[in-house]
């Protein structure tokens, strides 16, 4: 795999840990911008193929939070 890239697999949960939305991309990704569903309290980030792609970390920027 390429450094600083991944194949996003993101799950958004509400406060009862019910799944609100699953984002999945089978293309190599360096940058991703998402609008999270209303009621999102928890987010699980993973890689579709291997968590090794995330071992050096990722940068997350949250915008629009009041």
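Residue numbers (my numbering): 61 to 126.
Using N, Cα and C, we set each Cβ at its ideal position, and we do this for glycine too.
The continuous beta strand (DSSP E) containing residue 68 extends over residues 68-73. Along the stretch 90-125, the beta strand (DSSP E) occurs as fully enclosed runs of 3 or more residues at 102-107, listed in sequence order. Burial state of residue 75 is exposed, judged by a 10 Å Cβ sphere holding fewer than 16 other Cβ atoms.
Taken through DSSP and simplified to helix, strand or coil, residue 81 comes out as strand.
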